[in-house]
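S.K.: Structure provided below as structure tokens; questions to follow.
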Amino acid sequence: MSWVADVFGGLGGGGEGRAAAFPDGAAFRIEIPSVEGPRVFEAVLRAAEAEGITVNRVSQGSGAMMLRAAELRDMAQAGHETGVEVCLFVGPRERYGTGAHARSADGRAHGDQVRGLRQLGYALEDVLRATEAGIRSFLVADLGLLRAVTYAQARGALPAGLVWKVSASMSPSNPVTIKVFEELGASTVNIPADMTLEEIAEMRAAVSIPLDLYVESPDPLGGVVRGQELGDLIRAGAPLYAKFGLRNAAGVYPSGHHLEAVASANAVEKVHRAAVALEWLERLSPGLSQSAPGAAGLGVPVP
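Numbered per numbering that gives the first Met the number 0, the sequence shown spans residues 0 to 302.
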């Protein structure tokens, strides 16, 4: 099998280890996903203050296109004032479209991809519109879209310093694939929540960008609950965004005022789950440092 190792090495999938910290020297950051609008963001900030923890990033799944420009500005302003990265999903996606494929059993994996040049154009406008409101971090779930936004950014059509976060719906399951995402310009990449510590370490060895990992994942992503493992997960994957989804929770995509109470309740419990995991971290793995609000390398919104 030596020839296989040579192939992996040539493709960058058998790395010898990478930097184990964020630019500020911290090993991990906390992310709360499915923060669907300004009111849900406010609920997260209140819950984090009550629990006495730091939330470094909030992410949203319905899409920037589902929010009014004023709501985008409100989220950007709140993120700027608190030093919290605000990461919004880019749309439109196939699951919202008129096609049947993405809603079929076998085609469900394509749900967050972008269909056709017309929809790709809308997606690029979605990013530009959000950057005009101050947002500097985006979730991407389509390979062509990732290529298009980084190309647009290189040509000056989009601002410098944007964060491109590869969505969990496009999670790479091996080091060669995550290396491809890095080479295409991904800033940070979700990996599957059920990866073993050995597999996480393999991913870390292949790339230098941060890994995003659901410490607790929602049921559609497997319903994994690993809060007590937080220290082991950080040691294997640092620099690591530790994401706290919520098992046994009502779905909220696409969200809106009719689901605001549910989305807020879910988000508050996610903050609580993060607080519990941080207690396990302190008990079993003290000394692993978390980034402070507004730390270097965060896609914090601009005012």
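Think of the CB as a built atom: it goes at the ideal place given N, C-alpha and C, for glycine as much as any other residue. These figures come from a predicted structure and were not determined experimentally.
With distances taken between CB atoms, is the gap from G90 to D125 smaller than 8 Å?
M.R.: Result yes, Cβ atoms of G90 and D125 sit closer than 8 Å.
S.K.: For the alpha helix (DSSP H) that S1 lies in, which residues bound it at each end?
M.R.: S1 -> alpha helix (DSSP H) spans 1–10.
S.K.: Please report the distance separating the alpha-carbon of L157 from that of L232.
M.R.: Their Cα atoms are separated by approximately 34 Å.
S.K.: In whole angstroms, what is the alpha-carbon distance linking E84 and P191?
M.R.: Straight-line Cα distance between these residues: approximately 22 Å.
S.K.: So, with DSSP's three-state summary, where would you put Q227?
M.R.: Q227 falls in the helix class under three-state DSSP.
S.K.: Out of curiosity, what's the CA-to-CA distance linking A248 and D218?
M.R.: Whole-angstrom Cα-Cα distance: 8 Å.
S.K.: What is the DSSP secondary structure of Q289, counted as helix, strand or coil?
M.R.: Residue state, collapsed to three classes: strand.
S.K.: Would you check if the distance between the CB atom of G160 and the CB atom of R135 is smaller than 8 Å?
M.R.: The answer is yes: Cβ separation under 8 Å.
S.K.: Measuring CB to CB, does G11 end up less than 8 Å from P32?
M.R.: No; because the gap between Cβ atoms is not below 8 Å, this pair is not in contact.
S.K.: By Cβ distance below 6 Å, which residues in the same chain neighbour G298 in space, the five residues on each side in sequence not counted?
M.R.: Counting only Cβ-Cβ distances below 6 Å, and skipping sequence neighbours, we find E84, R135, S136, V162.
S.K.: Taking only the alpha-carbon atoms, compute the straight-line gap between A68 and G36 and give it to the nearest angstrom.
M.R.: Near 11 Å, if we compare the C-alpha coordinates of G36 and A68.
S.K.: How many Å lie between S103 and A167 at the Cα?
M.R.: The alpha-carbon atoms of S103 and A167 are separated by roughly 19 Å.
S.K.: Please list the terminal residues of the continuous beta strand (DSSP E) segment that includes T187.
M.R.: Start and end: 187–190.
S.K.: Answer yes if the region 46–55 comes into contact with the region 107–119, meaning at least three C-beta pairs across the two stretches below 8 Å, and no otherwise.
M.R.: With the cut-off at 8 Å, the region 107–119 and the region 46–55 do not touch.
S.K.: Between the C-alpha atoms of V308 and R72, what's the straight-line distance to the nearest angstrom?
M.R.: Nothing about residue 308 can be read from this structure; the chain reaches only from 0 to 302.
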